[in-house]
Amino acid sequence: MTKNTTANAAEPTVRTETVGTGAGEARVTWHPAPAKEARLVLALSHGAGGGIEARDLKALAAELPARGVTVALVEQPWRVAGKKVAPAPKTLDVGWRGVWSALEKPGLPVVSGGRSAGARVACRTAQELGAAAVLALSFPLHPPGRPEKSRAGELLGAGVPTLVVQGGNDPFGKPAEFPGSTAYELVEIPYGDHGFAVPKRADIGQDEALALIVDAVVKWAGSLA
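Oh and the sequence shown: position 73 is 73 in the working numbering, straight run, nothing missing.
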């Protein structure tokens, strides 16, 4: 089922699409680039503690279509069903696999991405789904205060070009904690926490922090073309 919404008929229409998966119904909100300019699809899912209203996801969906990148914001079945607790990782993977054919419909290379738990899903499934690359926003390298519970293996095993965008004060893993590797690029957002919020005392404001995220993704996406 598809629902179209637009504020300006001259702009590409934002639309939502419900997709059946093995984990239940997922929902995709499309923010399309102009047809003649679109060069790739960036699929982004949310974390375990929130939805597609996350500030970084909203910023990318607002800014990237004008740069030739169609953004597809994916809500996992558990969110669509109104549940408050995310399921096990393997169930998240089932949901992501289930929407992949819909993400490929525009006929463009698809970058698999997400924030937090969504970034982990993207890394775990990238190779099997044939993702062109992975965008990992706020990758949860470890639970807060538990660096021995590292999830670096998921990141290092993505097997495709990968960009990590990480807040400088992320309790789930500060940039300096990430293993040195040529398997991924890492961009630090100064002062940012796990949601890329920056404190009022910081040298940069919230809008500047979001602009840094957008600029980093635009530059990286350009290198994929």
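Every residue, glycine too, gets a C-beta built ideally from N, C-alpha and C.
Under three-state DSSP, which class holds Gly107?
Correct three-state label for Gly107: coil.
Going by DSSP, what residue range makes up the beta strand (DSSP E) through Ser45?
40-45 is the extent of the beta strand (DSSP E) around Ser45.
Less than 8 angstroms between the CB atoms is what I'm expecting for Ser45 and Val71, so what's the real figure, rounded?
Not really, about 12 angstroms apart at Cβ, beyond 8 angstroms.
Name the residue from Lys174, Gly167, Gly205, Asp207 whose alpha carbon lies nearest to the alpha carbon of Phe196.
Closest option to Phe196, Cα to Cα, is Gly167.
Note down the Cα distance separating Val165 from Phe139, rounded to an integer number of angstroms.
Distance between the alpha carbons of Val165 and Phe139: 8 angstroms.
Using 10 angstroms around the beta-carbon of Ser101, count the other beta-carbons present and answer buried if the total reaches 16, otherwise exposed.
It counts as exposed.
What number of angstroms, rounded off, separates the C-alpha of Tyr191 from the C-alpha of Asp207?
Roughly 13 angstroms separates the two Cα atoms.
Looking at the secondary structure, which residues open and close the beta strand (DSSP E) in which Gln166 lies?
162-167 is the span of the beta strand (DSSP E), which, as asked, contains Gln166.
Among Gln76, Ala59, Arg15, which has the Cα closest to the Cα of Ala211?
Ranking Gln76, Ala59, Arg15 by Cα distance to Ala211 puts Ala59 first.
Look at the Cβ atom of Glu37, then the Cβ atom of Gly68, and state whether they are nearer than 8 angstroms.
Result yes, Cβ atoms of Glu37 and Gly68 sit closer than 8 angstroms.
Does the region 199-206 touch the region 113-126, meaning 3 or more C-beta pairs lie closer than 8 angstroms?
Result no; under three Cβ-Cβ pairs closer than 8 angstroms.
Under a three-way DSSP split, which group does Ala7 fall into?
With a pLDDT of only 41 at Ala7, under 50, the local geometry of the prediction cannot be trusted, and the value read off the model is given with reservation. Here Ala7 sits in coil by DSSP.
For Val19, which of Val94, Ala117, Ala132, Glu128 has the nearest alpha-carbon?
Comparing Cα positions, the closest option is Val94.
Rounding to the nearest angstrom, what Cα-Cα distance links Gln127 and Ala209 in this structure?
If I take the Cα positions, the gap works out to 31 angstroms.
With distances taken between CB atoms, is the gap from Ala133 to Pro161 smaller than 8 angstroms?
Yes, Cβ-Cβ distance for Ala133 and Pro161 is below 8 angstroms.
Going by beta carbon distance, what residues of the same chain come within less than 8 angstroms of Ser181, once the five residues before and after it are set aside?
These residues qualify, in order along the chain: Leu156.
Nearest to Leu92 by CA position, among Ala26, Gly145, Ala62, Gly153, is which residue?
When only C-alpha atoms are compared, the closest one is Ala26.
Measure the Cβ-Cβ separation of Leu64 and Val218 and say whether it is below 8 angstroms.
Their beta carbons are under 8 angstroms apart, which means Leu64 touches Val218 by this criterion.
Taking DSSP's pairing of strands, which residues face Leu73 in a bridge?
DSSP output for Leu73 lists Thr29, Leu44 as bridge partner(s).
From the DSSP output, read off the bridge partner residues of Val187.
According to DSSP, Val187 bridges with Val165.
Does DSSP classify Ser101 as helix, strand or coil?
If DSSP states are grouped into helix, strand and coil, Ser101 belongs with the helices.
Return the first residue and the last residue of the beta strand (DSSP E) that Ala136 is part of.
Unbroken beta strand (DSSP E) run through Ala136: 133-137.
So, are the CB atoms of Val111 and Leu57 less than 8 angstroms apart?
No. Outside cutoff.
Shortest alpha-carbon distance to Ala62 belongs to which of Lys84, Val80, Pro32, Gly50?
Residue Pro32 is the option with its Cα nearest to Ala62.
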